[in-house]
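The block underneath contains the structure these notes are about, expressed in structure tokens.
Protein chains: 2
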Amino acid sequence: MTRIKKVYLEANEMPRQWYNLAPDLPTPMQPPLGPDGKPITPEMLAPVFPMNLIEQEVSTERWIDIPEEILEMLALYRATPLVRAYELEAALKTPARIYYKNESVSPAGSHKLNTAIAQAWYNKQFGITKLTTETGAGQWGSALAQACALIGLECKVFMVRISFDQKPFRKLLMNTYGATCIASPSNETNTGREILAKMPDTPGSLGIAISEAVEAAVTDPEGKTRYSLGSVLNHVMLHQTIIGLEVKKQLAKFGEKNPDTVIACVGGGSNFAGISFPFIYEKLHGANIDIIPVEPTSCPTLTRGPFLYDHGDTAKMTPLLPMYTLGHSFIPEPIHAGGLRYHGMSPLVSAALRDKLINPMAIDQIECYEAGILFARTEGIVPAPETTHAIAGAIREAKKAKEEGKEKVILFNFSGHGLMDMVGYDKYLTGKLVKHEMDDEELFKFLKELENYPKPQ
Amino acid sequence: MTRIKKVYLEANEMPRQWYNLAPDLPTPMQPPLGPDGKPITPEMLAPVFPMNLIEQEVSTERWIDIPEEILEMLALYRATPLVRAYELEAALKTPARIYYKNESVSPAGSHKLNTAIAQAWYNKQFGITKLTTETGAGQWGSALAQACALIGLECKVFMVRISFDQKPFRKLLMNTYGATCIASPSNETNTGREILAKMPDTPGSLGIAISEAVEAAVTDPEGKTRYSLGSVLNHVMLHQTIIGLEVKKQLAKFGEKNPDTVIACVGGGSNFAGISFPFIYEKLHGANIDIIPVEPTSCPTLTRGPFLYDHGDTAKMTPLLPMYTLGHSFIPEPIHAGGLRYHGMSPLVSAALRDKLINPMAIDQIECYEAGILFARTEGIVPAPETTHAIAGAIREAKKAKEEGKEKVILFNFSGHGLMDMVGYDKYLTGKLVKHEMDDEELFKFLKELENYPKPQ
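These protein sequences, in sequence, are chains A and B.
For the first sequence, this note's numbering begins at 21 and goes up steadily by one.
For the second sequence, this note's numbering begins at 21 and goes up steadily by one.
Structure follows, in structure tokens:
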């Protein structure tokens with residue numbers, strides 16, 4: 021058999037450093053701001069995160085060593101395979117060569133475990149015994165629960181109530197890993213109790229769940245609890261760069277040089293950063309690579325939002341972050357790609373767009389499900405609703421290559437599988453999904469609140 | 021990093037032939053018998069299976085070439101990783117080295133895809149355009165649906181009604197692959213209509229679903245439909261031997277020779293045959309290997325059933341097969357390991373036991389869930405309820421090695437993940453599971469019906 025379908029890496033070929041984009045950005049990163057409009061200092065974050073992760077958050081080192089013990093734990097499922105999508109190419113009759121990085125082989129089913137393991141390990145090193153976090157659809161909560169089980173930390177997950185009720189398997193998965201998972205708003209925090217008193221039937225929101233998880237961390241009387249976030253922050257992007265660093269070595273094994281196009285879906289930005297930042301490095305060193313984050317038309321942060329200082333959460337608990345945003349009060353349509361329903365964007369990904377290093381694209385969910393089904397029937401794996409956005413973007417680019425008659429190399433990140441998200445497929449197949457476009461009026465409404473906020477450069 | 025967690029195989033290292041145990045058995049295989057007590061001929065099976073698979077079913081060749089196109093499709097997820105369970109070993113403080121073959125990385129989530137792809141391919145070669153099958157919990161139906169999508173065949177799955185209602189995600193997964201999945205008994209077959217007329221509220225059974233799927237195949241007026249079975253038959257065992265053949269090469273990469281112990285769960289026998297038959301070959305050539313199929317105490321076919329001729333299905337539609345059996349009328353307790361609730365056993369696996377080549381073990385579901393949770397919290401992957409039986413067996417052997425102070429090499433098959441089976445874990449964690457033992461009286465009751473059946477030697 022001469023046709024190579026996929027390649028892995030041997031243990032001795034694994035990347036041993038993460039890549040930090042911050043020092044390579046043409047325009048320097050701007051700091052998060054506190055309620056007084058002044059930059060946040062590392063010390064101010066100390067009740068929320070351990071100092072070793074805060075150091076990574078503000079680091080200006082380009083390469084950061086991956087500790088040996090983290091590499092050993094990641095070896096459970098890494099290197100993930102880089103796969104050539106021969107059957108998808110054939111179905112599209114495209115001259116493009118399409119490759120996908122299959123992050124769905126992680127036991128948690130997505131790329132989220134890459135940072136969950138790293139964060140749990142750094143917290144353990146710092147003497148922390150318990151982590152709190154929030155989760156929406158449940159991918160992140162499951163990943164952190166698993167990492168805490170592997171490393172030996174307690175874990176408490178505040179899950180948005182509507183998802184808690186609709187996706188009971190996710191809670192059971194966290195329980196199986198030994199974590200506690202409770203519906204948010206809950207009676208365990210002041211924030212939760214106040215909201216429940218006013219709105220006893222609220223479905224909850226990520227903003228509320230973040231507030232509860234942070235409160236539960238900072239109010240531990242023994243000071244042994246910290247909070248963990250699955251996307252947006254610089255250190256989370258850092259941990260995910262192992263994806264793209266592996267891809268570089270794997271493309272070489274396929275006999276390829278740099279891809280012409282790199283594609284990933286974006287919500288908070290972490291799977292996109294993971295596969296693309298190492299190729300932004302190449303672009304900054306002269307390579308001609310089109311780097312495309314794909315977002316839903318119903319939550320068009322990068323394609324239609326402005327670059328502003330805004331809060332990371334609805335409840336305005338977090339510092340102001342310099343980012344593309346639709347406004348912290350914006351509540352996206354209830355599309356099935358729950359992980360892409362976020363009003364803001366990672367400051368590092370935002371900085372890359374401000375510096376014109378990436379070319380975002382927005383695609384409606386119907387085109388995405390159509391792409392996901394074509395992928396499942398040709399390449400065999402059912403994608404998560406989020407991941408269908410990357411596939412739809414790759415299919416658009418492959419069709420363009422066909423029109424242009426170009427032998428392009430297209431790479432995308434297969435960020436997670438959809439085995440726990442079958443309801444969306446059912447709705448698509450039975451014609452129950454609708455298109456969601458955001459009109460200008462709606463966009464303006466939520467941004468108005470930010471008029472008097474400080475402006476980033 | 022010097023610690024090797026897992027190994028794959030390169031494309032050029034893949035096994036290129038399947039291993040057929042039949043010609044190596046000390047006592048020759050005995051043929052299936054028809055209703056008249058006479059051996060079934062290949063021609064009699066032709067309306068049900070394509071002739072190229074019937075030839076494999078009765079083949080006495082030791083090695084059978086794997087067609088190139090099948091190898092290419094298997095390459096989507098094969099070789100599956102062979103993984104060293106360092107963290108489980110540490111938790112058990114055992115001197116044993118434990119390895120598991122991770123079949124859960126297949127897109128369908130289990131080993132079932134290995135034979136689904138092969139069967140779909142051979143049917144396509146023979147000019148068949150549509151396959152029918154039955155499924156209980158849904159693993160097999162999902163795998164065949166996926167294989168038919170990849171190869172371009174129609175697929176109709178008759179799913180036992182109680183599972184159809186309880187596990188809607190499985191049906192949606194089959195739909196996503198383009199297959200039709202209907203609850204059995206259905207109105208689409210004579211068998212289904214007759215049963216519904218008598219018992220409109222029946223939960224269905226695998227026996228009924230098999231009858232419907234066979235009827236739907238043989239009554240196609242164009243003769244272009246055949247039936248496909250996911251376990252029990254010789255050609256299914258054959259296709260699964262790629263598992264153990266890969267393991268042999270992978271153990272060598274870890275620097276190991278033959279394992280001391282090979283363990284897998286058994287229902288119909290296919291994942292057990294897959295990992296163990298290549299090591300039975302070694303045993304027949306002088307190696308000292310303990311080969312242990314693990315079954316539930318509630319369905320103790322190999323540990324307590326006799327070796328008899330019996331029907332493969334409850335409705336007595338199939339030929340009589342020479343096998344260990346609890347009687348075709350036996351309905352096992354509703355344990356969560358649905359794939360192990362089968363009254364009979366693969367004739368090849370049965371022959372291996374009759375010839376004392378394997379040493380079966382029965383374990384109760386509570387010990388199995390306990391093992392599954394320890395595995396999830398140490399090695400990170402949540403096992404299917406079926407797979408927990410193999411893990412529980414491996415843990416027993418690892419503890420024995422500790423007592424004896426022996427550095428044993430223990431190998432087990434991680435046949436599938438449990439991401440779609442979380443309800444059982446919830447019941448275990450909340451103390452709702454009970455032990456199931458079969459008493460002698462119950463055993464005798466179902467076997468009495470077989471008293472006047474022909475006897476195998």
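Idealized CB from N, CA, C, for every residue including glycine.
Considering residue i, what are the terminal residues of the beta strand (DSSP E) in which it resides?
i                     : result
residue 155 (chain A) : 150-155
residue 245 (chain B) : 245-247
residue 345 (chain B) : No beta strand (DSSP E) holds residue 345 (chain B); DSSP gives it neither H nor E.
residue 39 (chain B)  : 37-39
residue 328 (chain B) : 327-331
residue 45 (chain B)  : Counting along the chain, residue 45 (chain B) falls outside any beta strand (DSSP E), and DSSP gives it neither H nor E.
residue 443 (chain A) : Segment 442-449 is the alpha helix (DSSP H) holding residue 443 (chain A); no beta strand (DSSP E) there.
Taking the DSSP output, what are the residues bridged to residue i?
i                     : result
residue 176 (chain A) : A:152, A:200
residue 382 (chain B) : B:315
residue 122 (chain A) : A:434
residue 283 (chain B) : B:312, B:432
residue 141 (chain B) : In the DSSP output, where bridge partners are listed per residue, residue 141 (chain B) has none listed.
residue 117 (chain A) : A:429
residue 103 (chain B) : B:26, B:120
residue 130 (chain B) : B:436
residue 403 (chain B) : B:437
Check whether the Cβ atoms of residue i and residue j sit closer than 8 Å, and answer yes or no.
i                     : j                     : result
residue 217 (chain A) : residue 178 (chain A) : no
residue 474 (chain B) : residue 434 (chain B) : no
residue 532 (chain B) : residue 85 (chain B)  : Coverage of chain B is limited to positions 21 through 477, which leaves residue 532 (chain B) absent and any answer about it impossible.
residue 405 (chain B) : residue 438 (chain B) : yes
residue 209 (chain B) : residue 235 (chain B) : yes
residue 118 (chain A) : residue 414 (chain A) : yes
residue 442 (chain B) : residue 164 (chain A) : no
residue 316 (chain B) : residue 378 (chain B) : no
residue 430 (chain B) : residue 412 (chain B) : no
residue 286 (chain A) : residue 322 (chain A) : yes
residue 380 (chain B) : residue 312 (chain B) : yes
Should residue i go down as buried or exposed, given a rule of 16 or more other Cβ atoms within 10 Å for buried?
i                     : result
residue 185 (chain A) : exposed
residue 464 (chain A) : exposed
residue 374 (chain A) : buried
residue 333 (chain A) : buried
residue 242 (chain A) : exposed
residue 343 (chain B) : buried
residue 440 (chain A) : buried
residue 357 (chain B) : buried
residue 147 (chain B) : exposed
residue 83 (chain B)  : exposed
residue 305 (chain A) : exposed
residue 46 (chain B)  : exposed
residue 207 (chain A) : exposed
For residue i and residue j, what's the separation of their Cα atoms in angstroms?
i                     : j                     : result
residue 256 (chain B) : residue 388 (chain A) : 37 Å
residue 448 (chain B) : residue 259 (chain B) : 34 Å
residue 416 (chain A) : residue 282 (chain A) : 13 Å
residue 298 (chain B) : residue 295 (chain A) : 40 Å
residue 478 (chain B) : residue 471 (chain A) : Past the edges of chain B, shown from 21 to 477, lies residue 478 (chain B), and the structure says nothing about it.
residue 91 (chain B)  : residue 141 (chain B) : 11 Å
residue 365 (chain B) : residue 360 (chain A) : 48 Å
residue 212 (chain B) : residue 220 (chain B) : 10 Å
residue 109 (chain A) : residue 125 (chain B) : 23 Å
residue 167 (chain A) : residue 100 (chain A) : 17 Å
residue 348 (chain B) : residue 122 (chain A) : 43 Å
residue 32 (chain A)  : residue 201 (chain A) : 38 Å
residue 392 (chain A) : residue 407 (chain A) : 8 Å
residue 57 (chain B)  : residue 340 (chain B) : 8 Å
residue 409 (chain B) : residue 362 (chain A) : 42 Å
residue 290 (chain B) : residue 133 (chain A) : 32 Å
residue 103 (chain B) : residue 27 (chain B)  : 7 Å
With respect to the alpha helix (DSSP H) encompassing residue i, which residues constitute its N-terminal and C-terminal limits?
i                     : result
residue 85 (chain B)  : Note, residue 85 (chain B): premise wrong, no alpha helix (DSSP H); beta strand (DSSP E) at 83-85.
residue 334 (chain A) : First-last for residue 334 (chain A): undefined, no H or E at that position.
residue 295 (chain A) : 290-304
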